[in-house]
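In terms of our numbering, the sequence shown has 144 at position 135, counting the first letter as 1, and numbering is strictly consecutive. Some notes on the structure that comes next.
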Amino acid sequence: HGFKVVGVDRSSAFIKKAKKKAKQKDLNAEFVVSDMREYCQPDRFNVVINMFGSFGYFKSTDDDRKVVKNMYTSLRAGGRFLIETMGKEILAKDFQEKDWHEDGDTLVLAERKPIQNWGRMQTRWIVINGNQRVEHTVSVRSYSAAELSSLLSECGFSKVKVYGNLEGVEYNHMAKRLVMIGYK
10 HGFKVVGVDR
20 SSAFIKKAKK
30 KAKQKDLNAE
40 FVVSDMREYC
50 QPDRFNVVIN
60 MFGSFGYFKS
70 TDDDRKVVKN
80 MYTSLRAGGR
90 FLIETMGKEI
100 LAKDFQEKDW
110 HEDGDTLVLA
120 ERKPIQNWGR
130 MQTRWIVING
140 NQRVEHTVSV
150 RSYSAAELSS
160 LLSECGFSKV
170 KVYGNLEGVE
180 YNHMAKRLVM
190 IGYK
């Protein structure tokens, strides 16, 4: 029977790309251009997923709280919210000020620095392809496991489980990602 999937992003370019990929793979999915601070579909979903560090971009913790409350409200009773990000503990342990990688003919450079007492990670990206160079800076709020777990509980989740990856290993000094599941 499969799943009914809804993808949400505030970037119409990303939604367009997702629609194209879904069509190529013959997947049936709905795509919505919306800001996650505003997107709320009461009691519509069994599962809500936020992955690849797509949380913490807003300036205010109130905005982060609003996002989590929207996710909670959008879940049916018994639903689950999965969030996957880079925990503050991992950022501190594995911190790399600078790194780079190649993606085909494109060179991607990253320069990071913790700001606001490790409350946010600021990253300056430089993307070079031939003679073209694009540069932009982003700042993402970093959460420890305790901070993110508290946020989920404050927003109504009755139980929160914490893992060190998507396979469900313990979140400890060896973890590479912070994964949480909030239960409604």
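Think of the CB as a built atom: it goes at the ideal place given N, C-alpha and C, for glycine as much as any other residue. All figures in this text were calculated on a predicted structure; none of them were measured in a lab.
Using only the alpha-carbon positions, how far apart do residue i and residue j sit?
i	j	result
residue 95	residue 130	11 angstroms
residue 101	residue 185	12 angstroms
residue 9	residue 135	Any property of residue 9 remains undetermined from this structure, which presents the chain solely from 10 to 193.
residue 158	residue 41	28 angstroms
residue 156	residue 140	43 angstroms
residue 45	residue 116	31 angstroms
residue 128	residue 177	26 angstroms
residue 68	residue 118	24 angstroms
residue 163	residue 138	45 angstroms
residue 183	residue 31	35 angstroms
residue 106	residue 66	19 angstroms
residue 29	residue 12	19 angstroms
Kindly indicate the opening and closing residues of the beta strand (DSSP E) around residue i.
i	result
residue 18	14–18
residue 36	Neither: residue 36 is in no beta strand (DSSP E) and is coded neither H nor E.
residue 134	129–138
Can you give me the start and stop residues for the alpha helix (DSSP H) that residue i sits inside?
i	result
residue 114	Per DSSP, residue 114 belongs to no alpha helix (DSSP H) and is neither H nor E.
residue 27	21–33
residue 77	70–83
residue 175	Segment: none, residue 175 is in no alpha helix (DSSP H) and carries neither H nor E.
residue 153	Note, residue 153: premise wrong, no alpha helix (DSSP H); not H, not E.
residue 184	From DSSP, residue 184 is part of no alpha helix (DSSP H); its letter is neither H nor E.
Do residue j and residue i come within 9 angstroms of each other at the CB atom, strictly closer than that value?
i	j	result
residue 4	residue 39	Outside the displayed span of the chain (10 to 193) sits residue 4, for which this structure offers no information.
residue 81	residue 191	yes
residue 83	residue 48	yes
residue 93	residue 59	yes
residue 193	residue 87	yes
Which partner residues of residue i appear in the DSSP bridge assignment?
i	result
residue 59	92
residue 191	90, 169
Measuring from the CB of residue i, is there a heavy atom of the ligand FAD at a distance below 8 angstroms?
i	result
residue 97	You won't find the ligand FAD in this model; it holds no ligand whatsoever.
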